[in-house]
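Student: Protein chains in written order, with the numbering used here: chain V, 72 to 153; chain Y, 29 to 181.
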């Protein structure tokens, strides 16, 4: 199972801060996961938006990162503290 | 020392503790960021800070390491709040120490620019008009980019 984390405003869009899911067949990269999440939540270009970064097991990754379905995958809107 | 926690930050006590760690330095700079009481248009009632451990701490550690390579520093403390805060609460405390003032000033400025635009935090403001997630402003990114230009000097 994959643990998905939705940070910042993504929690407002999805109505939750995390999901534990079994990735469907064909969802095996960050890019395909972004597309699937937009479809799953019935939203357009939210997870696929370029400003939303992804991290797998605490490391930032690119869209072509391959997933085995057992990772912690975080989706992160633009960050900033202070 | 890096602390990311819901525990309130006492800036005065934090500076006193830093002065012990920085004993012997010729220059100490500290910066405290405080939750302001007025947003762009409405009064702020609370500010909520979300972090993602350990990415948040790892990123701050990398920024501290970079500060140490760029300036001859003898001590650095970074404290950052998470959770719910009220106007007047200290959200961040950064202190740097060096033999001379310039390095301490610049390193504190560099670390604050990192924290404002690159540190893994998300901020939600609650005002009289409702909730709003706050993302860095264009000026914040410009401030942060100054350090990219001077990296090789």
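All C-beta atoms, glycine included, are put in the ideal place defined by N, C-alpha and C.
Applying a beta-carbon distance threshold of less than 8 Å, which residues of chain V neighbour residue 89/Y?
Tutor: By Cβ distance, chain V contributes nothing, its closest Cβ being about 13 Å from residue 89/Y, past 8 Å.
Student: For residue 34/Y and residue 110/Y, what's the separation of their Cα atoms in angstroms?
Tutor: Cα to Cα, the separation comes out at about 5 Å.
Student: Can you give the beta carbon distance from residue 148/Y to residue 84/Y, rounded, assuming they're within the 8 Å contact cut?
Tutor: Rounded, the Cβ-Cβ distance is 4 Å, consistent with contact.
Student: In the stretch 74-89 of chain V, which residues sit with their C-beta less than 8 Å from some C-beta in chain Y, listed in chain order?
Tutor: So the close ones are 76, 78, 79, 80 and 83.
Student: Does any residue of chain Y have a CB that is nearer than 8 Å to the CB of residue 116/V?
Tutor: Closer than 8 Å: no.
Student: According to DSSP, is residue 96/Y part of a helix, a strand, or is it coil?
Tutor: In the structure shown, residue 96/Y sits in a helix (DSSP, three-state: H, G or I).
Student: According to DSSP, is residue 159/Y part of a helix, a strand, or is it coil?
Tutor: Three-state DSSP puts residue 159/Y in a strand.
Student: Can you give me the start and stop residues for the beta strand (DSSP E) that residue 112/Y sits inside?
Tutor: 111-113 is the span of the beta strand (DSSP E), which, as asked, contains residue 112/Y.
Student: Apart from the five residues just before and just after residue 128/V, which ones in its own chain have a Cβ nearer than 6 Å to its Cβ?
Tutor: Result list for residue 128/V: 142 and 143, in chain order.
Student: I'd like the list of long-range same chain contacts for residue 86/Y, defined as Cβ closer than 7 Å, with 5 residues on each side in sequence excluded.
Tutor: Nothing listed; no residue qualifies.
Student: Relative to chain V, which residues along the stretch 102-127 of chain Y have a C-beta separation below 8 Å, given in chain order?
Tutor: Residues passing the 8 Å Cβ filter: 108, 119 and 120.
Student: Within 10 Å of its beta-carbon, does residue 66/Y have 16 or more other beta-carbons around it, so buried, or fewer, so exposed?
Tutor: The residue is exposed, with fewer than 16 neighbouring Cβ atoms inside 10 Å.
Student: Can you name the start and end residues of the alpha helix (DSSP H) that residue 32/Y belongs to?
Tutor: Residue 32/Y -> not in any alpha helix (DSSP H); beta strand (DSSP E) instead, spanning 30-33.
Student: Let me confirm a value: residue 27/Y is counted as buried when at least 16 other C-beta atoms fall within 10 Å, else exposed. Which label applies?
Tutor: No answer is possible for residue 27/Y: it lies beyond the span of chain Y, which begins at 29 and ends at 181.
Student: What are the partner residues of residue 88/Y, as DSSP defines its beta bridges?
Tutor: Note: residue 88/Y sits in no beta bridge, so no partner.
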